[in-house]
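Trainee:
4 protein chains.
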Amino acid sequence: MCVEEHHHMQLGIIGLGRMGGNIARRLMLNDHTTVVYDRDEASRATLAKEGSTAVADLPAMVAALDKPRAIWVMLPAGAPTEETIETLSTLLEPGDVIIDGGNTFYKDDIRRAQSLTQKQLHYIDVGTSGGVWGLERGYCMMIGGDAEVVKRLDPLFDSLAPGLGSIPRTKDRTATDDRAERGYIHAGPAGAGHFVKMIHNGIEYGMMQAFAEGFDILKTKGSENLPADQRFDLNVADIAEVWRRGSVVSSWLLDLTADALATDPQLNAYSGSVADSGEGRWTIEAAMEQSVPVPVLSSSLFARFRSRQQSTYGDKLLSAMRFGFGGHKEGPK
Amino acid sequence: MCVEEHHHMQLGIIGLGRMGGNIARRLMLNDHTTVVYDRDEASRATLAKEGSTAVADLPAMVAALDKPRAIWVMLPAGAPTEETIETLSTLLEPGDVIIDGGNTFYKDDIRRAQSLTQKQLHYIDVGTSGGVWGLERGYCMMIGGDAEVVKRLDPLFDSLAPGLGSIPRTKDRTATDDRAERGYIHAGPAGAGHFVKMIHNGIEYGMMQAFAEGFDILKTKGSENLPADQRFDLNVADIAEVWRRGSVVSSWLLDLTADALATDPQLNAYSGSVADSGEGRWTIEAAMEQSVPVPVLSSSLFARFRSRQQSTYGDKLLSAMRFGFGGHKEGPK
Amino acid sequence: MCVEEHHHMQLGIIGLGRMGGNIARRLMLNDHTTVVYDRDEASRATLAKEGSTAVADLPAMVAALDKPRAIWVMLPAGAPTEETIETLSTLLEPGDVIIDGGNTFYKDDIRRAQSLTQKQLHYIDVGTSGGVWGLERGYCMMIGGDAEVVKRLDPLFDSLAPGLGSIPRTKDRTATDDRAERGYIHAGPAGAGHFVKMIHNGIEYGMMQAFAEGFDILKTKGSENLPADQRFDLNVADIAEVWRRGSVVSSWLLDLTADALATDPQLNAYSGSVADSGEGRWTIEAAMEQSVPVPVLSSSLFARFRSRQQSTYGDKLLSAMRFGFGGHKEGPK
Amino acid sequence: MCVEEHHHMQLGIIGLGRMGGNIARRLMLNDHTTVVYDRDEASRATLAKEGSTAVADLPAMVAALDKPRAIWVMLPAGAPTEETIETLSTLLEPGDVIIDGGNTFYKDDIRRAQSLTQKQLHYIDVGTSGGVWGLERGYCMMIGGDAEVVKRLDPLFDSLAPGLGSIPRTKDRTATDDRAERGYIHAGPAGAGHFVKMIHNGIEYGMMQAFAEGFDILKTKGSENLPADQRFDLNVADIAEVWRRGSVVSSWLLDLTADALATDPQLNAYSGSVADSGEGRWTIEAAMEQSVPVPVLSSSLFARFRSRQQSTYGDKLLSAMRFGFGGHKEGPK
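Protein chains in written order, with this note's numbering: chain A, 4 to 336; chain B, 4 to 336; chain C, 4 to 336; chain D, 4 to 336.
#1: Does any CB atom of chain D fall closer than 9 Å to the CB of Ala298(C)?
#2: Mind checking Lys332(A): buried by the 16 CB within 10 Å criterion, or exposed?
#3: Please report whether the beta-carbon of Glu218(D) lies at a distance below 9 Å from any beta-carbon of chain C.
#4: Could you tell me if Ala59(B) is buried or exposed, where buried requires 16 or more neighbouring beta carbons within 10 angstroms of its beta carbon?
#5: Measure from the C-beta of Val6(D) to each C-beta in chain C and report whether the shortest distance is under 9 Å.
#6: Taking 9 Å as the threshold (beta carbon to beta carbon), is Leu255(A) in contact with chain D?
#7: For the pair the stretch 267-285 of chain C and the stretch 244-264 of chain D, tell me if three or more CB-CB distances fall below 8 Å.
#8: Compare the C-beta of His331(B) against all C-beta atoms of chain A and say whether one is closer than 9 Å.
#9: Is Gly281(A) helix, strand or coil by DSSP?
#10: Anything in chain A within Cβ reach of Tyr273(B), meaning under 7 Å, just list it in chain order.
#11: So, for Thr120(A): in the same chain, excluding its five sequence neighbours on each side, which residues have a beta-carbon less than 8 Å away from its beta-carbon?
#12: Which whole-angstrom value describes the C-beta separation of Val251(A) and Glu207(D), a residue pair presumed to lie in contact below a C-beta threshold of 8 Å?
#13: Counting along the chain, where does the alpha helix (DSSP H) carrying Leu259(B) start and finish?
#14: I'd like to check one pair, Leu78(D) with Ile101(D): are the Cβ atoms closer than 9 Å?
#15: For Asp103(B), report the span of its beta strand (DSSP E) as first-last.
#16: Tell me whether Gly330(A) is buried or exposed, calling it buried when 16 or more other Cβ atoms sit within 10 Å of its Cβ.
#17: So Ser118(A) contacts chain D; which residues on that side make the cut at Cβ distance below 8 Å?
#18: In the DSSP output, what is Gln13(B) paired with across the bridge?
#19: Cα separation between Ser3(A) and Ser92(B)?
#20: Does DSSP put Ile170(D) in a helix, a strand or coil?
#21: Bridge partners for Val76(A) per DSSP, in chain order?
#22: Alpha carbon to alpha carbon, how far is Leu321(D) from Ala278(A)? Give it in angstroms, no decimals.
#23: Check whether the stretch 134-144 of chain D touches the stretch 49-64 of chain D, counting contact only when three or more Cβ pairs, one atom from each stretch, lie closer than 8 Å.
#24: Would you tell me roughly how many angstroms separate the C-alpha atoms of Thr87(D) and Thr173(B), rounded to the nearest one?
#25: Could you tell me which residues DSSP pairs with Ile202(C) in its beta bridges?
#26: Mind checking if Phe414(C) is an interface residue toward chain A, Cβ cutoff 9 Å exclusive?
#27: Tell me whether Ala323(B) is buried or exposed, calling it buried when 16 or more other Cβ atoms sit within 10 Å of its Cβ.
#28: If contacts are defined as beta-carbon pairs under 8 Å, then Gln1(C) and Thr223(B) qualify, I think. What distance do you get, rounded to the angstrom?
#29: Among the residues of its own chain, which have a CB less than 7 Å from the CB of Arg21(A), if the five just before and after it don't count?
#30: Between the C-alpha atoms of Gly334(A) and Tyr273(B), what's the straight-line distance to the nearest angstrom?
#31: Have a look at Met31(A) and Pro192(A) and give me their C-alpha separation to the nearest angstrom.
#32: When the Cβ atoms of the stretch 214-222 of chain D are set against those of the stretch 158-165 of chain A, are three or more pairs found closer than 8 Å?
#33: Within 10 Å of its beta-carbon, does Lys336(B) have 16 or more other beta-carbons around it, so buried, or fewer, so exposed?
#34: Checking contacts by CB at 9 Å: is Trp75(A) closer than that to chain D?
#35: In this structure, how does DSSP classify Asp43(B) when only helix, strand and coil are distinguished?
#36: For a cutoff of 9 Å on Cβ pairs, would you count Arg284(C) as touching chain A?
Following this line, the structure appears as C-alpha cells:
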C-alpha cells in the first residue's frame with residue numbers, strides 16, 4: 004500500500020461482523036475516515052472506540068456522510084442486504100454510491116444496478132476474499148460497476164487490497180493496469196465482481212476437495228482394515244508441511260492444512276459436517292447456462308451435501324434393489 | 004428352452020449356495036444329471052433329496068463323473084475358488100473341463116487357463132447374472148474359453164439360460180448365432196466371459212445410482228427443510244409403478260424398485276449402508292487401462308464407499324480448512 | 004385400455020409435431036373427438052384427413068369446442084408454449100382447462116396455474132414420456148393440477164396411457180388407485196406432473212450414460228492401443244442382446260441399444276455430439292435446492308456438454324500449467 | 004540450505020534428462036561430487052563440462068564410486084528403471100544403496116526392496132516434486148526406506164531440498180523432526196516415499212482441474228452463444244493475477260496460470276489434449292483398495308482421458324439411444 008500517494012476518503016459501512024469490522028479497521032489504519040452502523044449496539048460501540056463515527060440508524064449515516072456519499076454494505080446475502088439497499092435507495096441522493104461487499108448472486112447485482120440507475124444512484128459490487136485474515140493480509144477484491152465510479156473509490160480499494168507484498172511478480176506480465184498486481188480488479192459492469200468471486204469460490208471448493216480426498220487416502224493407508232503388510236503409518240502433519248516448499252500443490256489452503264494438522268492430526272475437533280454457501284451452487288448453475296462440464300466443481304459441492312447426512316434415501320434404495328435381485332441384506336453401519 | 008432337442012448331460016457342481024443350488028435344480032428340471040458337493044453337509048443332503056448325487060469330497064466327485072468330466076465351481080471369488088481349482092487340477096484327467104461360474108477377476112481366468120492347458124485340462128469362465136431369480140427366470144450367461152468346449156457343453160447352457168421367452172425379438176437383428184437371443188453368449192477366449200460380466204455389473208451400479216439419486220430428489224421434495232410452498236408430497240410407490248409402462252426408464256431394476264416401494268415407501272427396513280463387490284472396482288481399473296472416461300460408473304462406486312461411513316477424514320479436513328480461513332465452526336450432524 | 008367403459012370426449016390439440024399428432028391419433032383410435040391446430044397448414048391437413056377437425060387459428064379452436072373446453076398444448080417449452088397459453092387465457096371462459104403436455108419447467112407451471120386461477124381457468128401439466136413409440140405403446144403420463152379436473156379428463160388419460168398390457172403386476176402392491184398401473188398418475192398440484200417427468204429424464208440421462216460408459220469399455224477392449232495379449236474382440240451386438248434376457252440391466256434402453264447395434268455395431272452413423280434438453284439441467288437445480296448429492300445425474304449431463312466440443316478452454320489451461328511446471332509439450336490430438 | 008554444516012558426499016546419478024541433470028547440478032552447487040551416466044553421450048559430456056565425472060557404462064560407475072556406494076536412478080518408471088536396477092544389483096556390493104528418484108509405482112518399490120535385501124543392498128525410493136524449477140527452487144522429496152540409510156544420505160537430501168526459504172513457518176508446529184520444514188521427509192519404509200508422491204500428484208490433478216473448470220466458465224461467460232445481455236467479457240489474465248494476493252485459491256499452480264495467461268490469454272498455443280502419467284491412475288487404485296470415495300481425483304483423471312479423444316464410442320451410443328426413443332438426429336459437431 005502506498006499510503007502517501009492516495010487521497011484520504013470517507014466511507015460509510017453497514018454491518019460490523021467479522022468482515023465489516025475489519026474493513027473499517029484496515030481503512031482507518033490507512034488514514035481513511037469511517038462512519039459505521041450495525042443493528043447490534045455493542046459492535047458499534049467497539050468500532051467507535053477504535054476511531055469510527057458510529058451512528059444509530061441509516062438516516063443518521065446518510066446525514067453524517069459528505070456528498071457524494073459512498074456506503075459499503077457488508078451483510079449476509081439475501082434479505083438483509085436487499086432490504087438495506089432498498090432503504091438506502093430512498094435516503095440517498097443522485098451521485099451517491101452503494102457498494103455491496105457481501106456474497107450476493109450476480110444477477111441480483113444486475114437487477115439492482117438497473118433499478119438504482121433510475122434514481123441516479125451508483126451501484127458497485129465487490130467480491131471480497133480474505134476471510135478472517137483480511138485485516139492482516141489485505142482483501143482480494145473483484146469489483147463490478149461503472150468504471151468511473153470504481154476509479155473515484157480507488158483510494159479505498161487500494162488501502163483494503165493486499166498490495167504487491169512479498170509475492171514475486173508474474174514474469175512476462177505486460178498489462179498496463181497494475182491494480183490486479185496490487186490485489187483488486189475492475190472486472191466489468193455491475194455483477195461482474197460477484198461473478199468472478201463466485202467462480203473463485205467454486206474453484207476453492209474443488210481445491211479443498213482435492214486435498215480432502217488425498218489426505219483421506221494418506222490417513223486410511225494406515226487403517227486396520229488393510230492387511231498389515233499393505234499399511235503405511237504416515238505422518239500427515241509432516242506431509243502437509245513438506246509439500247509447502249517446492250511441491251506443485253503448494254498453496255494457501257495447504258498452509259492452512261499444515262496448520263490444522265500440526266496440532267490435531269486426527270482432526271478430532273471436527274464433526275465432518277461441512278456447510279456450503281450460495282457461490283458453490285451458483286457456480287454450477289452458471290456452468291449449466293454456459294454448457295461447461297464441471298465434474299470437479301460439482302463433485303465438491305455434492306461431497307458437502309453428503310457430509311451433512313447420516314444416510315440418504317438414495318442409499319436405502321440401493322440396498323432395497325440389491326435385496327430385490329440378490330437377496331443381499333445390508334448390515335447396519 | 005428346447006428340452007426335446009438337447010442331449011441330457013451330467014455336471015459336477017461344487018458350492019451349493021444360493022446360486023449353485025439353483026443351478027443344480029434348474030438343470031435337473033431339464034433332465035440333466037448332477038453330482039454335487041458342498042463343504043456343508045446339510046446343503047448336500049438337501050440337494051440329494053431333490054435328485055442330485057451328493058458326494059463327500061472332491062475325489063469322490065471326480066470318481067462319480069463320466070469322462071470327459073465337466074465340473075462347475077460356484078464359490079466365492081478369490082481363495083475358495085482358487086484353491087478348489089488347484090485341487091481339481093491334480094485330480095482330473097486330460098480332456099476334462101473346469102467351469103468357473105463365480106465372480107472371478109478375468110485376469111485370473113487368463114492365468115488359470117494357461118496353467119491348466121499345460122495339463123490338457125479345459126477352463127471355461129461363465130459370468131452368471133440372475134441372482135435369486137435365476138431358477139425361475141433362467142441365468143444370463145457370458146462364457147469365455149475354447150469355442151469347441153463351449154459347444155460341447157451347450158445343452159447345459161441352453162437349459163440354464165432364460166431362452167427367448169416373452170421378450171420381443173430385436174428388429175433388424177440378422178446375426179446367425181442365436182445363442183444371444185436365448186440368453187447366453189460365447190464372448191471369446193478364457194476371461195472374456197467374466198470380463199463382459201464385470202462390465203455388466205459396472206453398468207448395473209450406474210443404473211442403480213441413477214435411480215437412487217432420482218428417487219432421493221423425489222422423496223426430499225416433500226421435506227420440511229423446504230419452504231412449504233416449494234414442497235410436493237409425492238407418492239414414490241406410484242411413481243415407480245407408473246414408469247414401468249411406456250416410460251424410457253422402464254427396466255428390471257425399476258420393477259424391483261416398485262416392488263420395494265409398494266410395501267415400504269420410507270425404506271425403513273434398510274440402513275443405507277451399501278456393499279460393493281469386486282466387479283465395480285475392476286470395471287474402473289479396466290477403464291483406466293483403456294483410458295475410457297467413466298464418471299458415472301466411478302461415481303456409483305464411490306457413493307457406495309461413502310454410504311458405509313458416518314463421516315470421513317476428508318470431510319473433517321474440509322471443516323478444518325474452513326475454520327482456518329473463515330473461522331467457520333462446523334456444527335455437529 | 005378399456006374402450007367400452009369410458010366416455011368419449013372432445014379435446015383441442017395445439018401443435019401437431021411428432022408428439023401432438025400422435026396424441027390426436029391415439030385419441031381418435033379410442034373414439035374421442037379432436038379439434039386440432041398447428042401453424043403449419045400441411046400438418047393440419049394431414050390430421051384432418053385422419054379424422055380431426057382442423058382449425059385455422061386459436062379463436063376458431065375455441066369456437067369449435069364444447070364447454071367446458073379442454074385444450075392440450077403440445078409445443079416446445081418456453082416462448083411458444085408461454086405465448087400460446089397467454090393467448091388462450093384471453094379467449095377461454097371460466098371452467099375451461101388448459102393442458103400443457105410439453106416439457107415445461109415446473110416452476111412455470113406453478114406461476115401459470117396461479118395466474119389462470121384468477122380468471123377461473125384450470126391448468127393441468129402433463130409430463131409425457133413415450134417419444135416416437137407413444138402411438139403404439141401408449142404414453143406414460145405424470146399429471147399435476149386440481150384433482151377434480153384431472154378426474155374429469157380421465158377418459159382422455161386412460162386412452163392415451165399404455166394400460167396394464169403384458170407387463171406383470173408388481174407383487175405386494177396394494178394401492179387402491181390403479182391409475183399408476185395403467186400408466187398415468189395424478190402426481191400432485193400444478194407443477195407436480197412436470198416435476199416428476201423432469202426427474203424421470205434426469206434418471207434417463209444417468210442410465211444412458213451408464214450404458215455408454217460400459218459399452219465404451221467393451222468396445223475399446225479390442226483396441227490396438229492395448230497390447231495384443233490384453234485384447235478381446237467382443238461382439239457388442241451380441242452382448243446387448245444377451246443382456247436383454249435374465250440380466251440385471253435389462254431395460255427398454257438396452258432394447259434400443261440392441262436394436263442400434265444389430266445393424267451398426269461401429270455406430271458410424273452417429274457423430275457423438277449429444278444434445279441435452281432442459282430437464283437434465285433442472286434436475287440438477289432441484290437437487291441443489293434440496294441439497295441432494297447427484298454425482299451420476301450431473302456427470303451424465305456434463306458428458307453431453309463435453310461431447311459437443313472439440314476441445315475446451317479448461318483442457319488448454321491444463322496443458323498450459325503442465326508446461327509451466329514440467330515443460331511438458333502437449334501434442335496435437 | 005546450510006552448506007557449512009553438512010558433509011560433502013559423492014553420488015552416482017543415472018539418467019541425465021531434465022530431472023537427473025539438474026539434480027547433479029544442484030548437488031555440485033552445494034559442493035557434492037557426482038559421477039554421472041546417461042546412454043546419450045552428449046548429455047554425459049555436458050555434465051562433465053560442468054564438473055561431474057562422466058562414465059561410459061554402469062560397471063564404470065560402480066568402479067568410480069567409493070564404498071559404500073550411493074546411486075540415484077532417475078529414469079522413466081517401468082522397464083528402463085527396472086532393468087537398470089536389475090543390472091546394478093549384480094554389480095554392487097553389500098552396504099551399497101540404490102535410490103530410485105523416478106515415478107515408480109510404490110508396490111514395485113516394496114518388491115524391489117525385499118529382493119535387494121537378500122543381496123544386502125539398500126533400496127531407497129524418493130518421490131521428487133519440483134519439475135523444471137527444481138534446480139532453482141529445490142526439490143520437495145518424499146523418501147521411503149530404511150531410516151538409518153536415509154540418515155546416512157541426509158547431506159544429499161538437505162542440499163537438494165528447498166530449505167526453509169522465505170515461506171513463513173507453520174504456527175503451532177512443534178514437531179521435532181525439522182526435515183519437513185526444509186522440504187523433505189522420511190515417510191516410512193520402502194514404497195512410502197513414492198506412495199506419498201503418488202497422492203501428491205493425485206491432488207495436483209484435482210487442483211488443476213478445479214482451475215481448468217473455473218477458468219472455462221470465466222472465459223465462456225463472454226461467449227457469443229450467450230444472449231448479449233448475459234455476457235461478461237472478462238480479463239482472465241487479470242483475474243489470475245488478482246487471485247495471487249489475498250485470495251483463498253492462491254497457489255503455485257495459480258502463479259503458473261497467471262504466467263501462461265499474461266502472454267496468451269486465449270491459450271492458442273495448446274491443443275487441449277492432456278496427457279496423464281501413472282500416478283493419477285494409481286491414486287484411484289489406492290482409493291479403491293482403501294474404499295475411499297474420490298470423485299474429484301477420478302473426475303480429474305477422466306477429464307484428461309476425454310481431452311485426448313475427438314468423440315467416444317459411448318457418446319455415439321447416447322446418440323443411437325436418443326434416435327431410438329425420440330427420433331432425434333444428432334448433428335455434426
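Backbone N, C-alpha and C define an ideal beta-carbon position, used for all residues, glycine too.
Mentor: According to the structure data:
#1: Going by the sequence as given, residue 298(C) is Pro instead of Ala. Closer than 9 Å to some Cβ of chain D, the Cβ of Pro298(C) qualifies, so yes.
#2: exposed
#3: The residue you asked about is not Glu; residue 218(D) is Phe in the sequence shown. Cβ-Cβ to chain C under 9 Å: yes for Phe218(D).
#4: exposed
#5: Low per-residue confidence applies at Val6(D): pLDDT is 42, beneath 50, and the placement is therefore not dependable, though the value from the model is reported in the following sentence. Val6(D) does not count as touching chain C.
#6: Going by the sequence as given, residue 255(A) is Trp instead of Leu. Judged by the 9 Å Cβ criterion, Trp255(A) is in contact with chain D.
#7: no
#8: yes
#9: helix
#10: The answer, in chain order, is Lys319, Ser322, Ala323 and Glu333.
#11: Tyr126
#12: About 5 Å separates the beta carbons of Val251(A) and Glu207(D), which is inside the 8 Å limit, making them a contact pair.
#13: Leu259(B) -> alpha helix (DSSP H) spans Trp255 to Thr266.
#14: no
#15: Asp103(B) -> beta strand (DSSP E) spans Val100 to Asp103.
#16: exposed
#17: The premise fails here: Ser118(A) is roughly 15 Å from chain D at the closest Cβ pair, so nothing lies under 8 Å.
#18: Thr36(B)
#19: The structure shown does not extend to residue 3(A), since chain A is modelled only from 4 to 336, so the question has no answer here.
#20: coil
#21: Ile17(A) and Asp103(A)
#22: 36 Å
#23: no
#24: 57 Å
#25: None, per the DSSP bridge assignment.
#26: Residue numbering for chain C in the displayed model covers 4 to 336; residue 414(C) lies beyond these limits and cannot be assessed.
#27: Burial call: buried.
#28: Nothing can be reported for residue 1(C): it is not among the residues displayed for chain C, which extend from 4 to 336.
#29: Residues Val135 of the same chain have their beta carbon placed closer than 7 Å to that of Arg21(A), with the five preceding and five following residues left out of the count.
#30: Its pLDDT being 49, under 50, Gly334(A) is placed unreliably in this model, and the value from its coordinates should be taken loosely. Cα-Cα distance, rounded: 8 Å.
#31: 28 Å
#32: These segments do not touch.
#33: A caution first: Lys336(B) carries a pLDDT of 43, below 50, which makes its placement in the model unreliable, though a value can still be read off. The residue in question, Lys336(B), is exposed, as its Cβ has fewer than 16 Cβ neighbours within 10 Å.
#34: In terms of beta-carbon proximity, Trp75(A) stays away from the interface with chain D, with every pair separated by 9 Å or more.
#35: coil
#36: yes
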